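S.K.: Residue numbers (the working numbering): 405 to 583.
Glycine residues also receive a C-beta, built at the ideal position from the N, C-alpha and C atoms.
Just so you know, these numbers come straight off a predicted model, no measurement behind them.
Dropping a structure here in structure tokens format, bear with me for questions.
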Amino acid sequence: TGEAAGSLTGSTGSITAMAFSPDGKTFVAGTTDKMVFAWPVRPTVGRVATVGTFGSTVTSLGWPTDGDPLVVGADTVRLYDAKLKPGYVYDIPTKGGGSFVRRAAVAPDGKLIAACVRVPSGGTVVRVFAPGNSTPVASVEGFDAVAFTPDGKVLVAGGGEDQRTGVRAYAVPGFAELF
Numbered sequence: 405t406g407e408a409a410g411s412l413t414g415s416t417g418s419i420t421a422m423a424f425s426p427d428g429k430t431f432v433a434g435t436t437d438k439m440v441f442a443w444p445v446r447p448t449v450g451r452v453a454t455v456g457t458f459g460s461t462v463t464s465l466g467w468p469t470d471g472d473p474l475v476v477g478a479d480t481v482r483l484y485d486a487k488l489k490p491g492y493v494y495d496i497p498t499k500g501g502g503s504f505v506r507r508a509a510v511a512p513d514g515k516l517i518a519a520c521v522r523v524p525s526g527g528t529v530v531r532v533f534a535p536g537n538s539t540p541v542a543s544v545e546g547f548d549a550v551a552f553t554p555d556g557k558v559l560v561a562g563g564g565e566d567q568r569t570g571v572r573a574y575a576v577p578g579f580a581e582l583f
């Protein structure tokens, strides 16, 4: 009918990232006012929680298939308990003032997180982390977007402003370049 079925309130900023929980019961949105909000899918009025606040615009949101943890990219990568309890479970620093996360993705099994980080020099680097460990298990220069395949066996990286534009695929684990 073209009429709104409900209203999601709580943010004054523009929405920059969105995701549904794997069970479809919760909707989260990241905003330019540096916050992540959560709402129940039914009813579509009211807000469940303010999930977190950040030092920059929220750029990415994602859940692994089992729903834990919620991954949020902004000035850092933060992991939140699936029940969206107050406070984050773990913080993966972007390593350096002026750095921020352009995009982040979580593997379907939740065992890896890939983050495209804009570094102070203006370039980008994809860093792959295991939750709970801030030391990257892999790193690839020059991409602005990342995604895992549904089976989690391939990480694709694309875009970028340097010589490595286009799309590359990497085997998981090991991160050998496939194409």
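Identify whether residue 495 lies in helix, strand or coil by the three-state DSSP scheme.
M.R.: strand
S.K.: Alpha carbon to alpha carbon, how far is residue 572 from residue 456? Give it in angstroms, no decimals.
M.R.: 32 Å
S.K.: Please report the Cβ distance between residue 473 and residue 514, rounded to the nearest whole angstrom; I am assuming they are in contact, meaning their Cβ atoms lie under 8 Å.
M.R.: 7 Å
S.K.: Out of 538, 445, 545 and 463, which one is the CA nearest neighbour of residue 493?
M.R.: 538
S.K.: Using CA atoms only, rank isn't needed, just tell me which of 525, 520 and 558 is closest to residue 564.
M.R.: 520
S.K.: List the endpoints of the continuous beta strand (DSSP E) containing residue 506.
M.R.: 504-510
S.K.: Apart from the five residues on each side of it in sequence, which residues of its chain come closer than 7 Å, Cβ to Cβ, to residue 471?
M.R.: Closer than 7 Å at the Cβ level, and outside the excluded window around residue 471, lie 425, 426, 427 and 486.
S.K.: What residues in its chain sit with their C-beta under 7 Å from that of residue 534, if we drop five residues either side in the sequence?
M.R.: 515, 516 and 541
S.K.: CB-CB under 6 Å to residue 549, same chain, minus the five flanking residues each way: which ones, in chain order?
M.R.: 507, 562 and 563
S.K.: Out of curiosity, what's the CA-to-CA distance linking residue 440 and residue 465?
M.R.: 9 Å
S.K.: Checking 8 Å against the spacing of the C-beta atoms, do residue 434 and residue 454 come in under that value?
M.R.: no
S.K.: Could you check where the beta strand (DSSP E) with residue 444 kicks off and where it finishes?
M.R.: 439-444
S.K.: Quick one: residues in its chain with C-beta nearer than 8 Å to the C-beta of residue 543, no 5 flanking neighbours on either side, listed in chain order?
M.R.: 529, 530, 531 and 532
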